[in-house]
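Count along the sequence shown starting at 1, add 30, and that's the number in my numbering.
Backbone N, C-alpha and C define an ideal beta-carbon position, used for all residues, glycine too.
Note that the structure is predicted; figures quoted are calculated from it, not measured.
Right, one structure below, let's go through it.
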Amino acid sequence: MDAWIWGAVVLAIVLVIAGGIAWWLARGCALTIIGATGAILGGLVALISLVLLLDPDVGLRVSFIVTVVSGVWLLAWALAGGIRGQRLLRAEEQAAGAAAPVPVSVTAAHGH
C-alpha cells in the first residue's frame with residue numbers, strides 16, 4: 031500500500047509541476063493559463079486528499095480521480111490554446127503578406 035501512496039504523491043507533484051511549466055510557457059494565453067491553473071489546483075487537491083483522508087483506500091481513489099481529471103483538463107486547455115495560437119499566427123502572416131508591397135527588383139527581373 032505504501033508504494034501506491036508514494037506513486038500517487040509523485041503523480042500529484044508531477045501534475046503541479048506540469049501546470050507550472052504550462053503557465054510559464056503560456057505567454058499570456060488565457061486558455062493555457064486556465065488549463066495550468068486547473069492542473070495546479072487539482073494536483074494540490076490530490077495531495078491534500080492523500081494527507082487528510084483517514085482511509086488510505088478512499089484517499090487513493092480520490093487522488094486518482096482528481097489527478098486524471100486535472101491532467102485531462104490541462105491537456106484539453108493547452109491544446110485549445112495551441113490551436114488558437116496557430117490560427118492567430120496564420121492570420122497575422124496572411125495579413126502581413128497581403129499588406130507587403132512587392133519589391134521592385136522582383137518585378138524588374140520578370141520584365142514587368
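Could you work out which residue in the options is closest to residue i when comparing CA atoms only?
i: residue 38; options: 73, 119, 58 and 110; result: 73
i: residue 49; options: 87, 102, 69 and 56; result: 69
i: residue 33; options: 65, 80 and 58; result: 80
i: residue 61; options: 114, 128 and 120; result: 114
Could you check the C-alpha separation between residue i and residue j for me, to the nearest Å?
i: residue 204; j: residue 82; result: Outside the displayed range of the chain (31 to 142) lies residue 204, so it cannot be described from this structure.
i: residue 109; j: residue 44; result: 19 Å
i: residue 99; j: residue 121; result: 33 Å
i: residue 101; j: residue 42; result: 10 Å
i: residue 59; j: residue 66; result: 11 Å
i: residue 94; j: residue 63; result: 23 Å
i: residue 106; j: residue 76; result: 19 Å
i: residue 103; j: residue 97; result: 10 Å
i: residue 128; j: residue 71; result: 44 Å
i: residue 116; j: residue 125; result: 14 Å
i: residue 112; j: residue 123; result: 16 Å
Three-pair Cβ contact test at 8 Å for the stretch 53 to 60 versus the stretch 88 to 102: Flag = no, the stretch 53 to 60 and the stretch 88 to 102 do not touch.
Length at least 4, wholly inside the stretch 34 to 121: the alpha helix (DSSP H) runs in chain order: The alpha helix (DSSP H) runs of length 4 or more contained entirely in the stretch 34 to 121 are, from start to end of the chain, 60 to 82.
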